[in-house]
Amino acid sequence: MGIFEAMLLTIITAATPLVLAAIGELVTERSGVLNLGVEGMMVMGAACGFIATQATGSPYIGILAGIAAGALFSLLFGFLTLTLVANQVATGLALTILGLGVSSMIAEPYLGQSGIKLPQIVFPVLSDIPFLGPVLFKQDLIFYLSIALVAGVNWFLFKSRAGLKLRSVGDSHASAHALGINVIRTRYLAVMFGGASAGLAGAQLSLVYTPQWAENMSAGRGWIALALVVFASWRPWRIVAGGYLFGAVSISQLYAQAFGIGIPSQLLSALPYLATIIVLILISHNRRMTLINTPASLGKSFVPDR
Amino acid sequence: MRIELERRPGVSKLFSILSPFIALGLTLIFGGIMFMMLGKDPVAALYSFFIEPLTEIWSLHELAIKAAPLILIAVGLSVCYRSNNWNIGAEGQFIMGAIAGSILPVVFYEWQSPLVLPLMMLLGMLGGALFAGIPAFLKAHLNTNEILTSLMLVYVAQLFLDWLVRGPWRNPGGMNFPETRTFDATAILPEMIASGRAHWGFGFAIIAAILVWFMMRYTLKGFEITVLGQSQRAGRFAGFSSRKMIWFSMLLSGALAGLAGIAEVSGAIQQLRPVISPGYGFTAIIVAFLGRLNPLGIVVAGLVLALTYLGGEAVQVSLQISDKPIRVFQGLLLFFVLSCDTLIHYKIRMMWYDLSETAGKGTR
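Sequence lines, in order, name chains A and B.
Each step along the first sequence adds one to the number in the working numbering, with nothing skipped, and position 176 is 176.
Each step along the second sequence adds one to the number in the working numbering, with nothing skipped, and position 76 is 76.
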């Protein structure tokens, strides 16, 4: 296996959780809800996924547990912001703080245990293709899911009736309500989809990326996913492009160290965060472009008048 | 069952005072349940979490030490949040303030003069303000989301501090530990009351709270903050600039977070280490909301959250459980605060009957 191939594989592993969390948040934001709790839902998914895997011995049950944890946890956010119309920014922060706390509490007994890595699924003939084969067809389930999910979301949002309704709720909840669309229910479902995806992203961290539990193991990836949604200007496939770009930046430190480049390791660790800021600047300095793409009701609460 | 909200004609005075207390009560109940699930006696656990730390003089000093940074940061954040600028990177501004203020006692350690301390505090404020100036500039002039940039900068600040104390600023006589040299006596913030432990950081916090409270209540600036926060458009008609407000609120909160940082380092730790904050910058967000974004409320809220830190340490000793429940308590508290705030603007109705019934009566 060449060095380039190995690099690509690490990039994919680093990018997959970003893509997953971001595609979920994209759907949530398309419905007009800004959930800043991605980090919290992700770390809950990582903790619950790991615990379930250790308890049952099956990483597939771990995946399900991660998804369920993320979705259930996001319901808390949904209840506060949709039913009780609490401030979305503050509630998202609360979700992150609570997620980091709860996960470190429930998974504490599992600290230092070595986990079970999610096995690869090898496609018989395709994986023999030189170079592309091992990169694309010798991966774990979560990688395949991440690509399928992006394709599915793209189809759902732009080709299906339900997707059109979801976008209309995000662009003008008052008009959507007047048309008889149930705004609150749509948003609850979108929030839960975002939670489930973030939970799956978390499970990837504790089952594939580093198969063990460490406190705060999401390490800001939830926030980077939020930036990715802006970067992608709310378009599904651009999430993949952005996610892989960030994946490449975040693994660059490993390679720079391996090649003995004399840069302080802290500077290299800071690269993904600095890159996020730079990308955000590049994307958002064009005010008009941002306005066109942003769901118009993003972050606004809706109370049906009666 | 359905829950429906009905907007009150005005703000409920009763609930704007009661809601933080309801939230605290709910947090205690849930906390009790949590301790029960951990197999501990909930009453004893809550007692040693929230009451025991208040029964001894030395722990009251500890309370003031922990409350000082929380109050200082949260007072600044309240101005940001009221004006609709979401600075969530106070943790990073705290760290950069601590670093900037430490230049004198670490690099110019030979200079010993009564001027050192005031200069350190000023440098700390400057460092925090400059660091908050980055997201402020990006938002005001390049339209970049301040939530994400300010948060990303927290990680950058943490890594920068880590590099400093392991690299250029490491104590040459410190056995290779990742620490700077300990501060000279002239660079240590004195105690407020002799023979206690609480340093002047708490005094700064109270002064800042009163000054900001005065500004919000009695000056045009305070009015400007509130108007721009509620409606940018209305603010523009009144001739207020939202761009200048971004700069003002971010620089102010950055300076206060920086002051908190250098006060903590100079008063309590007395050197720089790779980690100098147990998440004060994030906990201060909870403090700001629990205090209902009112500087005087924030003083009380800061003491309450400082108590959760002390209580966490106390139960570690008395009940042999880890310090993890602290974060859970803090997260729960913010959740309940935000949900109880709904009561201020809305009446909550539980609808036990079917929706079609309501429609039939022609109320829709």
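Ideal placement from N, C-alpha and C gives every residue a C-beta, glycine not left out.
Where the beta strand (DSSP E) containing Met350/B begins and where it ends: Unbroken beta strand (DSSP E) run through Met350/B: Tyr346 to Met351.
Cβ shell of Lys138/A (< 6 Å), same chain only, five flanking positions each side left out: For Lys138/A, the CB contacts under 6 Å within the same chain, skipping 5 residues up- and downstream, are Gln120, Val122 and Ser127 in chain order.
CB contact check: Met152/B to chain A, cutoff 8 Å: Look at Met152/B: its C-beta is under 8 Å from a C-beta on chain A.
Ile3/B (DSSP reduced to helix, strand or coil): Strand.
Met289/A versus Val230/A - alpha carbon distance: Near 11 Å, if we compare the C-alpha coordinates of Val230/A and Met289/A.
Asp140/A - DSSP class collapsed to helix/strand/coil: Three-state result, Asp140/A: strand.
Distance CB(Leu149/A)-CB(Ser104/A) smaller than 8 Å: The answer is no: Cβ separation not under 8 Å.
Residues in the segment 79-103 of chain A having any Cβ partner in chain B nearer than 7 Å: Result list: Leu80, Thr83, Leu84, Val85, Ala86, Asn87, Val89, Ala90, Thr91, Leu93, Ala94, Ile97, Leu98, Leu100, Gly101 and Val102.
C-alpha gap between Gln204/A and Pro109/A, whole angstroms: Cα-Cα distance, rounded: 20 Å.
Chain B contact for Thr276/A (CB, 8 Å cutoff): By this cut-off, Thr276/A is an interface position.
Glu108/A at chain B interface by Cβ criterion, 8 Å: Interface residue, yes.
Residue-chain proximity (Gly220/A, chain B), Cβ-Cβ < 8 Å: It does; some Cβ of chain B falls within 8 Å.
Helix, strand or coil at Arg364/B according to DSSP, with G and I counted as helix: Unreliable positioning characterises Arg364/B in this predicted model, as indicated by a pLDDT of 37, which lies under 50. A coordinate reading is not provided.
Distance CB(Thr149/B)-CB(Ile277/A) smaller than 8 Å: Between Thr149/B and Ile277/A, the C-beta spacing is below 8 Å.
Integer Cβ distance of Asp184/B from Tyr109/B, believed to fall under 8 Å: Going by Cβ atoms, the distance from Asp184/B to Tyr109/B rounds to 6 Å, so yes, they are a contact pair.
Start and end residues, beta strand (DSSP E) containing Gln120/A: For Gln120/A, the enclosing beta strand (DSSP E) has its first and last residue at Gln120 to Val122.
Sequence-distant residues of the same chain with beta carbon closer than 6 Å to Leu343/B, five excluded per side: The beta carbon of Leu343/B lies closer than 6 Å to those of Phe15 and Ser19 in the same chain, with the five residues before and after it left out.
Host alpha helix (DSSP H) of His61/B (start-end): Secondary structure note for His61/B: its alpha helix (DSSP H) is the uninterrupted segment Ile57 to Arg82.
Three-pair Cβ contact test at 8 Å for the segment 284-293 of chain B versus the segment 95-103 of chain B: Taking 8 Å as the limit for Cβ pairs, the verdict is that the segment 95-103 of chain B does not touch the segment 284-293 of chain B.
For Ser218/A, the residue or residues it bridges with in DSSP: The partner list for Ser218/A (beta bridge, DSSP) is empty, contrary to what the question assumes.
Cutoff 8 Å: Gly362/B Cβ touching any chain A Cβ: Note that Gly362/B scores a pLDDT of 41, beneath 50, so its modelled location is shaky and nothing firm can be said.
At least 3 beta-carbon pairs within less than 8 Å: the segment 288-305 of chain B vs the segment 59-77 of chain B: Contact between the segment 288-305 of chain B and the segment 59-77 of chain B is present, with at least three C-beta pairs closer than 8 Å.
CB contact below 8 Å: Ser233/A versus chain B: Any Cβ of chain B closer than 8 Å to the Cβ of Ser233/A would place that residue at the interface, and such an atom is absent.
Residue-chain proximity (Pro17/A, chain B), Cβ-Cβ < 8 Å: Residue-level contact by beta carbon fails for Pro17/A and chain B, as no gap is shorter than 8 Å.
Residues in the segment 314-329 of chain B having any Cβ partner in chain A nearer than 9 Å: Residues passing the 9 Å Cβ filter: Ser322, Lys324, Pro325, Ile326, Arg327, Val328 and Phe329.
Three-state class that DSSP yields for Gln212/A in the structure shown: Strand, per DSSP.
Sequence-distant residues of its chain with Cβ nearer than 7 Å to Pro272/A (five each side left out): Once the five neighbours on either side are set aside, the close Cβ partners of Pro272/A are Ile224, Phe246, Val249 and Ser250.
Neighbour flag for Gln266/A against chain B, beta carbons, 8 Å: True, the Cβ-Cβ gap to chain B drops below 8 Å.
Proximity winner among Asp341/B, Ser266/B, Val154/B and Leu332/B, relative to Ile29/B (alpha-carbon distances): Out of Asp341/B, Ser266/B, Val154/B and Leu332/B, the CA that lies nearest to the CA of Ile29/B is found in Leu332/B.
Interface positions of the segment 279-301 of chain A facing chain B (Cβ-Cβ less than 7 Å), listed along the chain: Those residues of the segment 279-301 of chain A that come within reach of chain B (Cβ to Cβ, closer than 7 Å) are Leu280, Ile281, Ser284, His285, Arg287 and Thr290.
Rounded separation between Lys361/B and Val156/B - CA only: Here the model assigns Lys361/B a pLDDT of 44, short of 50, so the residue's position is not dependable and the matter cannot be decided.
Under 8 Å between C-beta atoms of Trp247/B and Ala136/B: The Cβ-Cβ distance between Trp247/B and Ala136/B falls below 8 Å.
Within 8 Å, strictly: CB atoms of Thr264/A and Trp163/B: A small fix is needed here, since residue 264/A is Pro in this sequence, not Thr. Yes, these two residues count as a Cβ contact at 8 Å.
Listed by chain order, chain A residues near Phe240/B by CB distance under 8 Å: Here the premise fails: no neighbours, minimum Cβ distance about 20 Å.
Short CB-CB distance (under 8 Å) between Ser373/B and chain A: Nothing in the structure corresponds to residue 373/B, since chain B is present only between 1 and 364.
Chain-order list of residues whose beta-carbon lies under 6 Å from that of Thr10/A (same chain, five-residue window excluded): A distance below 6 Å between beta-carbons, with the five flanking residues on each side excluded, links Thr10/A to the following residues of its chain, in chain order: Ile251.
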